[in-house]
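I have placed the structure first, in the form of structure tokens, so that the comments after it can refer back to it.
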Amino acid sequence: MLDIQQLRNTLPEVAKRLATRGYALDVSGFELLDATRRRIQMHTEELQSKRNSLARQIGQMKAKGEDVTELMKEVGGLRFKLDTLESELKEIQEQIQAFMLSVPNLPHETVPVGATEVDNVELRKVGDPKVFGFPVQDHVSLGEGLSQLDFAVAAKLSGSRFVVLRGAIAKLHRALAQFMLDVHTTEHGYTEVYVPYLVNSASMQGTGQLPKFAEDLFHVAEDDLYLIPTAEVPVTNLMRDEIVPQDCLPLKFVAHTPCFRREAGAAGRDTRGMIRQHQFDKVELVQFAHPDRSYEALDELLSHAEAILRKLDLPYRVIALCTGDMGFSAAKTYDIEVWLPAQSTYREISSCSNFESFQSRRMQARMRNSRGKPELLHTLNGSALAVGRTLVALLENFQNEDGSISIPGALRPYMGGLEKIAPTSN
RNA sequence: GGAGAGGUGCCGGAGUGGUCGAACGGGCUUGACUCGAAAUCAAGUGUACGGUUAUCUGUACCGUGGGUUCGAAUCCCACCCUCUCCGCCA
Numbered sequence: 056m057l058d059i060q061q062l063r064n065t066l067p068e069v070a071k072r073l074a075t076r077g078y079a080l081d082v083s084g085f086e087l088l089d090a091t092r093r094r095i096q097m098h099t100e101e102l103q104s105k106r107n108s109l110a111r112q113i114g115q116m117k118a119k120g121e122d123v124t125e126l127m128k129e130v131g132g133l134r135f136k137l138d139t140l141e142s143e144l145k146e147i148q149e150q151i152q153a154f155m156l157s158v159p160n161l162p163h164e165t166v167p168v169g170a171t172e173v174d175n176v177e178l179r180k181v182g183d184p185k186v187f188g189f190p191v192q193d194h195v196s197l198g199e200g201l202s203q204l205d206f207a208v209a210a211k212l213s214g215s216r217f218v219v220l221r222g223a224i225a226k227l228h229r230a231l232a233q234f235m236l237d238v239h240t241t242e243h244g245y246t247e248v249y250v251p252y253l254v255n256s257a258s259m260q261g262t263g264q265l266p267k268f269a270e271d272l273f274h275v276a277e278d279d280l281y282l283i284p285t286a287e288v289p290v291t292n293l294m295r296d297e298i299v300p301q302d303c304l305p306l307k308f309v310a311h312t313p314c315f316r317r318e319a320g321a322a323g324r325d326t327r328g329m330i331r332q333h334q335f336d337k338v339e340l341v342q343f344a345h346p347d348r349s350y351e352a353l354d355e356l357l358s359h360a361e362a363i364l365r366k367l368d369l370p371y372r373v374i375a376l377c378t379g380d381m382g383f384s385a386a387k388t389y390d391i392e393v394w395l396p397a398q399s400t401y402r403e404i405s406s407c408s409n410f411e412s413f414q415s416r417r418m419q420a421r422m423r424n425s426r427g428k429p430e431l432l433h434t435l436n437g438s439a440l441a442v443g444r445t446l447v448a449l450l451e452n453f454q455n456e457d458g459s460i461s462i463p464g465a466l467r468p469y470m471g472g473l474e475k476i477a478p479t480s481n
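Read in order, the letters of the first sequence correspond to residues 56 to 481 in the working numbering.
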């Protein structure tokens with residue numbers, strides 16, 4: 056949520072910046088709404104003030120045993136008018152709140168301006184795509200060839216966009232998550248947290264999934280709880296309605312969780328394989344930063360995600376998303392894309408964003424600043440990494456001609472020393 | 001799931017219809033004392049939204065949402081959460 060003061064005071068500039076991400080701010084609609092609100096609010100508060108002072112007088116006079124029928128009559132006359140005004144005020148404030156919740160974040164000034172992903176800017180490529188001396192297979196045929204990746208049985212259990220892993224590949228999947236958690240906690244200074252996978256609507260609103268993106272979420276109607284689409288939701292909401300001392304910043308958390316997404320708008324996209332599933336695991340980094348230092352924190356967080364790919368010897372590139380391609384809540388986003396040889400392309404494996412105060416304003420996540428006043432802090436997060444897609448990348452990049460998979464050195468300690476996954480591996 | 005207790009400011013904790021935005025204590029800030037610190041003393045210290053603007057001022061907020069009343073932290077209703085006991089249970 057944007058700062059409503061900023062909207063009032065610099066409406067044309069805000070509209071212009073939002074236009075760069077393809078969002079048409081309803082300027083006149085907002086102006087009308089806000090002007091109406093102001094008029095009703097002033098009128099309401101004036102009458103409330105009058106009522107309060109009369110009520111106070113009645114109390115004082117009654118205490119002295121004086122007659123109050125005149126005053127009672129006067130205050131009674133206010134009542135109907137006040138009831139009407141108060142409900143009008145409430146309604147318009149709800150409208151303004153709904154409006155504010157629907158406006159996306161302002162792009163940071165360093166974000167490249169553009170309409171779609173073709174305008175994204177590649178910042179760097181790291182590692183060279185390996186040249187294979189044989190026809191490469193994709194992860195589906197590799198995994199099914201090893202009888203360790205099973206989409207058919209998953210469809211029987213749950214439908215499309217699910218997978219069952221078996222044997223060494225299931226273990227490799229687990230190893231990846233353990234490895235990532237260990238690197239972030241021991242080398243990058245993150246505190247590991249274990250969090251609920253079901254959250255309430257206030258949490259979803261805090262990070263921006265609600266109210267606009269309900270169709271992307273799995274909702275348990277009976278309990279009005281949502282399955283988390285990313286650990287960002289529960290971990291960021293740890294600080295909802297909290298005020299922390301500024302010297303404890305930055306707060307850095309890492310969590311490994313499953314993520315659940317309905318993929319409602321993705322019909323027909325990435326239907327083959329593990330790229331786009333209803334359920335996948337992710338190791339997520341979340342930082343709460345001082346507002347003056349959140350962009351340093353973003354660079355740092357990005358480097359933490361990259362570190363995993365470097366340690367795994369996976370070729371990747373880093374992309375700065377353009378204004379039109381960024382998510383609703385982000386002020387600036389870097390994507391990391393990993394090389395997938397079977398598709399001869401880079402595919403997203405991480406997304407690292409600074410949300411500035413967009414989420415913290417919704418959540419009222421604050422710090423006490425040097426003047427002793429509460430001030431919104433900045434929130435950041437990034438995948439480090441999406442476990443399922445990392446598994447895909449490993450299978451494809453470390454495949455051998457015989458269909459076996461070599462295991463990168465960094466993961467062998469987590470695989471009981473196993474160097475290669477062959478059809479018989481468990 | 002059943003029974004009981006409770007949810008108040010940064011924290012602890014008073015407050016059962018009227019000047020309560022809220023006693024008291026702690027914390028924090030500033031000042032005094034001190035070479036400095038501690039201790040002590042004094043003063044200050046909620047959030048949000050308006051109006052006016054270096055000031056001052058109005059309104060709202062005591063788990064959430066309704067209701068009663070001239071007036072609600074205080075009374076009524078519903079819901080949420082926490083704790084204790086019982087039941088159940090990975």
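Glycine residues also receive a C-beta, built at the ideal position from the N, C-alpha and C atoms.
Helix, strand or coil at N107 [DSSP, three-state]: Position 52 of the first sequence holds residue 107. Here N107 sits in helix by DSSP.
What residue range does the alpha helix (DSSP H) around D138 cover? Along the first sequence, one-based indexing puts residue 138 at 83. T124 to S157 is the span of the alpha helix (DSSP H), which, as asked, contains D138.
By Cβ distance below 7 Å, which residues in the same chain neighbour E355 in space, the five residues on each side in sequence not counted? Against the first sequence, residue 355 aligns to sequence position 300. Excluding sequence neighbours, E355 sits near nothing in its chain.
Between A477 and S461, which are expected to be in contact by the criterion C-beta below 8 Å, what is the C-beta distance as a whole number of angstroms? In the first sequence, residue 477 corresponds to position 422, counting from 1. In the first sequence, residue 461 corresponds to position 406, counting from 1. Rounded, the Cβ-Cβ distance is 10 Å, inconsistent with contact.
Along the chain, where does the alpha helix (DSSP H) containing A448 start, and where does it finish? Residue 448 sits at position 393 when you count from the first residue of the first sequence. Counting along the chain, the alpha helix (DSSP H) containing A448 begins and ends at V442 to N452.
Tell me M470's beta-bridge partners as DSSP assigns them. Position 415 of the first sequence, counting from 1, holds the residue named residue 470. According to DSSP, which records beta bridges pairwise, M470 is partnered with nothing at all.
Which residues does DSSP list as the beta-bridge partners of I391? Mapped onto the first sequence, residue 391 falls at position 336. Answer is V373 and S405.
Count the other CB atoms within 10 Å of the CB of L435; is the residue buried (16 or more) or exposed (fewer)? The residue you call residue 435 lines up with position 380 of the first sequence. Counting the other Cβ atoms within 10 Å of the Cβ of L435 gives 16 or more, which makes it buried.
Got a sec? Which residues, its chain only, sit under 8 Å from N175 by beta carbon, not counting five neighbours each side? In the first sequence, the residue the question calls residue 175 occupies position 120. Here the set comprises P167, G169, I374, A375, L376, C377, D380 and D390.
Presumed contact (8 Å Cβ cut-off) between A360 and A232, rounded CB distance: The residue given as residue 360 occupies position 305 in the first sequence. The residue given as residue 232 occupies position 177 in the first sequence. For A360 against A232, the beta-carbon gap comes to about 14 Å, at or over 8 Å, which does not count as contact.
Check for me: the beta strand (DSSP E) holding H311 runs from which residue to which? In the first sequence, residue 311 corresponds to position 256, counting from 1. First-last of the beta strand (DSSP E) with H311: L306 to F315.
Near K128, which residues of its chain fall below 6 Å by C-beta distance, leaving aside the five closest residues on each side in sequence? Here the question's residue 128 lines up with position 73 in the first sequence. Correct list: empty, nothing qualifies.
Is the stretch 396-406 close to the stretch 293-312, with three or more CB pairs under 8 Å? no
Use the C-beta contact count for M235: other C-beta atoms within 10 angstroms, 16 or more gives buried, fewer gives exposed. Counting from 1 along the first sequence, the entry for residue 235 is found at position 180. The residue in question, M235, is buried, as its Cβ has 16 or more Cβ neighbours within 10 Å.
Rounded C-alpha distance that separates V173 from G188: As a first step, residue 173 is located in the first sequence; it is residue number 118 there, counting from the start. As a first step, residue 188 is located in the first sequence; it is residue number 133 there, counting from the start. Cα-Cα distance, rounded: 32 Å.
At what residues does the beta strand (DSSP E) containing Y281 begin and finish? Counting from one through the first sequence, the residue named residue 281 turns up at place 226. L280 to L282 is the span of the beta strand (DSSP E), which, as asked, contains Y281.
Extent of the continuous beta strand (DSSP E) run through R482: Residue 482 lies beyond the stretch modelled for the chain, which goes from 56 to 481, so this question has no answer here.
Beta-carbon proximity check, G182 vs L432, cutoff 8 Å: By one-based count along the first sequence, residue 182 stands at place 127. By one-based count along the first sequence, residue 432 stands at place 377. In this structure, G182 sits away from L432, with a CB-CB distance that is not shorter than 8 Å.
Is it true that the CB of T99 sits closer than 8 Å to the CB of L140? Locating residue 140 in the first sequence gives position 85, where the first residue counts as 1. Locating residue 99 in the first sequence gives position 44, where the first residue counts as 1. Yes.
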